[in-house]
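Take a look at the structure set out below.
This is the structure:
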C-alpha cells in the first residue's frame, strides 16, 4: 500500500496507483521480478488487476504472500502440479489442480479477504465479453482467468462459461482504472515475434500474439508500460524461471525514474539487488 509520505509527495493530483498484470503462460513469472523491484523501491501499489498468468501472481500478491515466498513457490511449480489430463471433450487438461495449489499458498480466500483490492479478468466464451471477477472465492476466479479454450477445460462460474482473460483484456489497465486508480502501471509480457523456422505456423503465431497483446487496449492506455524484451523467450518452460524473473526486474528498473517522477517519489536509498 502507499507509504505514509505519499500524499505529501504526490504530483498532479495522483491519489491511487494501480498495477495491471498481463497474461502470457509461464512468462507470468516476469511479474515476480517487477514486483520485487517496485516493492524494494517503495513504489505504492493500491489496486491490482490480473489476466491469465497475471491473475495468479496478482492474487498471491494481494493476499499478502511475501515476495520471497512467491519466488520459492515458483521453483516448485510445474505443469504436473497445476494441470491434469482429462477426456478430450471440452479441453485436454483441467486446471482444478491449479486452483488447489493456489489455495495451498494463500488459503481459500474471498476477494473481500485480500489485503489489496484485486480483480481478475476472464472472458465469457459464449458472448466474448470481458468478465471482471472481484466477488466470491478467489481461487476459482483465477482458474477461470487461466483456462485457455481448446486446451484447458472452461470454468463454470456465476452462471457463465469462462475462459482465459487474455482473449478480452490481456493487460487490464481499464479494469484498474474502473477500480479507482489514478495512475496505472501496466506489465505486458507479449512480444510478437516471427519464427521463420516454423514456416507458415511461425507467422500465424506472430499474428495471434499481436491480437492477444492488443486485446483490451491496455498497452496503449497505461500511464507507464513495463514491457520486457521477451522475443524468442519461452511460454511453456518453467525451468526458465530465473531468467524470466530477472527480465522482469531489469524492465522495471528501466522505468523507475519515470515512475518516481510521475508520483513525486525520491529514490529509495535502501535498494539492494535481489538474489533469485
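In this note's numbering, the protein residues as written are 74 to 349. Just so it is clear, CB atoms sit at the ideal spot from N, CA and C, and this is done for glycine as well.
Query, Result
"Quick check for students: name the residue ranges of the alpha helix (DSSP H) that lie wholly in the region 206-250, counting only runs of 4 or more.", "211-218"
"Put residue 123 into one of helix, strand or coil per three-state DSSP.", "strand"
"According to the Cβ coordinates, are residue 174 and residue 309 closer than 8 Å?", "no"
"Based on the DSSP output, what are the partners of residue 267 in its beta bridges?", "Note: residue 267 sits in no beta bridge, so no partner."
"Using the Cβ count rule (16 or more neighbours within 10 Å means buried), how would you classify residue 272?", "exposed"
"Measuring only the C-alpha atoms, how far is residue 224 from residue 197?", "16 Å"
"Excluding five sequence neighbours on each side, which residues of the same chain lie with their C-beta closer than 7 Å to the C-beta of residue 76?", "With a pLDDT of only 39 at residue 76, under the threshold of 50, the placement of this residue in the model should not be trusted, and no figure is reported."
"Please report the straight-line C-alpha distance between residue 229 and residue 304, rounded to a whole angstrom.", "34 Å"
"Nearest to residue 192 by alpha carbon, out of 167, 164, 153 and 132?", "132"
"For the putative contact between residue 318 and residue 137, defined by C-beta atoms under 8 Å, what is the C-beta separation to the nearest angstrom?", "20 Å between Cβ atoms; not a contact."
"Work out the CA separation of residue 235 and residue 108 for me, nearest whole Å.", "28 Å"
"Can you tell me the Cβ-Cβ gap for residue 247 and residue 291, rounded? I've got them flagged as a contact below 8 Å.", "7 Å"
"Since residue 191 sits in a beta bridge, which residues does DSSP pair it with?", "121"
"To which residues does DSSP link residue 92 through a beta bridge?", "121 and 258"
"If you draw a straight line from the alpha carbon of residue 334 to that of residue 161, how long is it in whole angstroms?", "52 Å"
"Would you mind stating whether residue 128 and residue 238 have Cβ atoms separated by less than 8 Å?", "yes"
"By Cβ distance below 6 Å, which residues in the same chain neighbour residue 221 in space, the five residues on each side in sequence not counted?", "237"
"Check residue 310 in the structure and name its three-state DSSP category.", "coil"
"Am I right that residue 163 and residue 226 are in contact with their C-beta atoms under 8 Å? What's the rounded C-beta distance?", "5 Å"
"Taking Cβ positions, are residue 121 and residue 135 nearer each other than 8 Å?", "yes"
"Given 8 Å as the limit, is there contact between the region 201-212 and the region 175-188, that is, 3 or more CB pairs closer than that?", "yes"
"Give the secondary structure of residue 186 by DSSP, where H, G and I count as helix, E and B as strand, and everything else as coil.", "helix"
"Give the DSSP bridge partners of residue 297, in chain order.", "258"
"Indicate whether residue 258 and residue 287 have their beta-carbon atoms separated by less than 8 Å.", "no"
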